[in-house]
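Residue numbers (the working numbering), protein chains in the order written: chain A, 1 to 333; chain B, 1001 to 1507.
As structure tokens, then:
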């Protein structure tokens, strides 16, 4: 034998080996320091003295199949070396759990029966990552779970958490209020535009109206008259159309016909306005075309409604636990 | 009997790394009558989910393990496991309860409706679950908007033995329009879990002296106080009531002028007042911000400075294991003075240097007039620096061939990674090429460029301008990214303090 071969073999010969036997009868040996990393094996060696020879191999629990055992021993072999950095260990762990889901389940089971908690934690987290974000059907598919619950049993827990009629009421109210607010806002904007553009026209119309109505006329009553006229227009759009002199009237008609297509004239279009009134803003951002002042007003109205709703609701509905029943909804500010 | 030679062992590990479970588990076996494909369980089923041969291998796990898996899921997903199969129906009930408000935060993100939905969901979950509690996280404005509700929640048996309590905003559960409100003390039930808490964040509240008197947190490892008003005595009481504290986040503390920390367990600290906290409290009279922080923590690894709006003295008496430091800056309103042992840095200027800190490996700096001279002076304080983050634009002439030739000759630059924003102007070319041509261990230079420059032509031109072919480290790579990082330090929650590199942008 050459010197290098001796160098390789000699330390091996001096190592102590522990014998392990799987439930299927297969026996293997592994270096002592690696085996001792598993608390269950460690206990067997120390307490019962087993494992020192083939005939007295440590009987491993049923849940440890040879494939999982091999993986576990690799895990132990890596981590029982003290010099490794946290980065190295983390990197090893990440790669280690990149195995088939089934093998991962078996590995978790084996690690648990050997009481190797760090590995159980690692594999549990990997399994949680697989489950996260998937539908129940997908999860059942991946793990081959039996679909053995009745439809009723399936709906029960979901109903408890998601189905709160109050929330839907609030959402609907919010949608309605927002629409109103946007209409008002839109009308206001147009009104401002009119003021700038058509001063002269207005005056002549006003004068006309004043004359007709027999008022003193003048600027003071102008806006009131304008609003009145707007309201009239709002109620009777066809009539406004028929007045040829009414340059403002023609423009007036537009906001009166506010529907979803007109709302699109807003700078930040929200297409969800046309959706189902219940959840009209699936992916709405805070920037949904409303300025903060408007949002505040809206929120205040909804909050008011919620407060009233809560006080009625609490009496009849809230929860089984005693302490929870104490909660009084909003605190008045 | 078989002696496994080292090469076979290594091969097996490498195979695992590639993701294949080794079939040679059976090589080492000495079974009486078993062939290589026989295992104690059924043979692996066919890849297609056929139905017949597919075995459910997860439901066989013991309840404790399944419960652990479920408690690692988001709150919504965890609740949903009840409907997976009959075996799973009661796993959620038996697992430690996790209620994370940010998981349940519904769209629309319109405050009243979303808050109602969240509060309702929390109440329902608490009334349905028997406990024990693992984690409870709700927005801090609930302490103000519905304190009685919060009190009821915290008193619920479902939260028994709670381990993590967060009154935390996150990016999702933002209070309405950011309007500030008067800070109130949290309900007494908040301190009900002091015996079992491991992680806790308190935000947007006031801690009167009476509330922290006599408390003790024997297991608390991570503590975050954000936008909290409390007295100097109370803060010191709180910190000293945590004998195993490892991570401490103090963002926007009001009422404390000088903070003294002496801890053998503290590993990471983040101190400062970020802009949101500051703006929210501008209306308060006699706003007392932290002016001095004195740290004595022999295990300290990360010292993170989150910015301030007042000159602050930051004194680290002893930190032999300090590895990450930043973000140092010289914004005009800060004029922060950092003292590390014998090193004194005012803003970004090295005022005094007697003994270098060779443990520091990661440094982040920001300045309105960032230039090479400043950086080199800092590098002299931290000779073993490996990661350098420049969180602002580089300017100045940055000529170095003559000016810094002594430094180049006498000091080895151990930098491995440099990140900076880049436009291709002369000053930046000079700056970057200094490192490319002199840092012999450089592995990565990441240049954050704007979208207009994010194209192959620009990259190729910079490769030439920066003289990459003459680079000092053959392994050095030039990496362009158009993801500009706006944050100087990535700390949103106290647990971010345990991240090894808090300046790396993970988004």
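All C-beta atoms in this analysis are idealised placements derived from N, C-alpha and C, irrespective of residue type, glycine included.
Asked, Found
"Under 8 Å: do the segment 1055–1068 of chain B and the segment 101–109 of chain A share three or more Cβ pairs, one atom per stretch?", "yes"
"What do you get for residue 75/A, buried or exposed, if any count of 16 or more other CB atoms within 10 angstroms of its CB means buried?", "buried"
"DSSP three-state label for residue 1296/B, please.", "strand"
"Have a look at residue 249/A and residue 179/A and give me their C-alpha separation to the nearest angstrom.", "Low local confidence applies: a pLDDT of 36 at residue 249/A is under 50, so the model's placement there is unreliable, and no value is given."
"Considering only residues of the same chain and omitting the five flanking positions on each side of residue 1383/B, which have a CB-CB separation below 7 Å?", "1356, 1358 and 1411"
"I need the DSSP call for residue 1460/B, collapsed to helix, strand or coil.", "helix"
"On the premise that residue 1245/B lies in contact with residue 965/B, defined as a C-beta separation below 8 Å, what is that separation, rounded to the nearest angstrom?", "Missing from the structure shown is residue 965/B; chain B here goes from 1001 to 1507 and no further."
"Nearest chain B C-beta to residue 181/A closer than 8 Å, yes or no?", "no"
"Below 8 Å on the Cβ atoms is my contact criterion, and I expect residue 1224/B with residue 1249/B to pass it. Report the Cβ-Cβ distance as a whole number of Å.", "4 Å"
"Hey, is the segment 1143–1156 of chain B in contact with the segment 1082–1096 of chain B, meaning 3+ C-beta pairs nearer than 8 Å?", "no"
"Compute the distance between the beta-carbons of residue 132/A and residue 1104/B, then report whether it is under 8 Å.", "no"
"Alpha carbon to alpha carbon, what distance is there between residue 81/A and residue 1167/B?", "41 Å"
"Please tell me whether residue 108/A has its Cβ less than 8 Å away from any Cβ of chain B.", "yes"
"Cβ of residue 1060/B less than 8 Å from any chain A Cβ?", "yes"
"Helix, strand or coil: how does DSSP classify residue 1260/B here?", "strand"
"Could one say the Cβ of residue 1303/B lies closer than 8 Å to chain A's Cβ atoms, at least one of them?", "no"
"Can you tell me the Cβ-Cβ gap for residue 1433/B and residue 1467/B, rounded? I've got them flagged as a contact below 8 Å.", "6 Å"
"If we ignore side chains and look at the alpha-carbon of each, how far apart do residue 1269/B and residue 53/A end up?", "53 Å"
"Would you check if the distance between the CB atom of residue 1071/B and the CB atom of residue 1096/B is smaller than 8 Å?", "yes"
"Run through DSSP, which three-state label would residue 1417/B get?", "strand"
"At a threshold of 7 Å, does residue 1092/B count as lining the ligand GTP (C-beta to nearest heavy atom)?", "With respect to the ligand GTP, the structure shown offers nothing to examine, as it has no ligands at all."
"So residue 1479/B is in the beta strand (DSSP E); what residue range does that whole segment cover?", "1477–1481"
"Run the CB neighbour count on residue 58/A, radius 10 Å, all protein chains shown included, and call it buried at 16 or more, exposed below.", "buried"
"Around the Cβ of residue 1426/B, are there at least 16 other Cβ atoms within 10 angstroms (buried) or fewer (exposed)?", "exposed"
"According to a CB-to-CB cut-off of less than 8 Å, which residues of the segment 1246–1263 of chain B neighbour chain A?", "none"
"Any contact between the segment 1317–1336 of chain B and the segment 1273–1283 of chain B? By contact I mean 3 or more CB pairs, one from each, below 8 Å.", "no"
"Identify, in the order they occur along the chain, each residue of the same chain with its Cβ nearer than 7 Å to the Cβ of residue 28/A, setting aside the five sequence neighbours on each side.", "20"
"Name the residues in the segment 1089–1100 of chain B whose C-beta lies less than 9 Å from a C-beta of chain A; which are they?", "1089 and 1092"
"Apply the 10 Å Cβ neighbour rule to residue 1361/B and answer buried if 16 or more other Cβ atoms are within range, or exposed otherwise.", "buried"
"Specify the secondary structure class of residue 1310/B as computed by DSSP and reduced to three states.", "coil"
"Mind listing the chain B neighbours of residue 132/A? Cutoff is C-beta to C-beta under 7 Å, in chain order.", "1073, 1074 and 1077"
"If you check the beta carbons only, do residue 30/A and residue 73/A fall under 8 Å apart?", "yes"
"Where does the unbroken beta strand (DSSP E) through residue 1365/B begin, and where does it stop?", "1362–1366"
"Within the continuous beta strand (DSSP E) that includes residue 1445/B, where are the two ends?", "1444–1448"
"Which term fits residue 1169/B, buried or exposed, when burial requires 16 or more other beta carbons within 10 angstroms of its beta carbon?", "buried"
"Between the beta-carbon of residue 1431/B and the beta-carbon of residue 1408/B, is there less than 8 Å?", "no"
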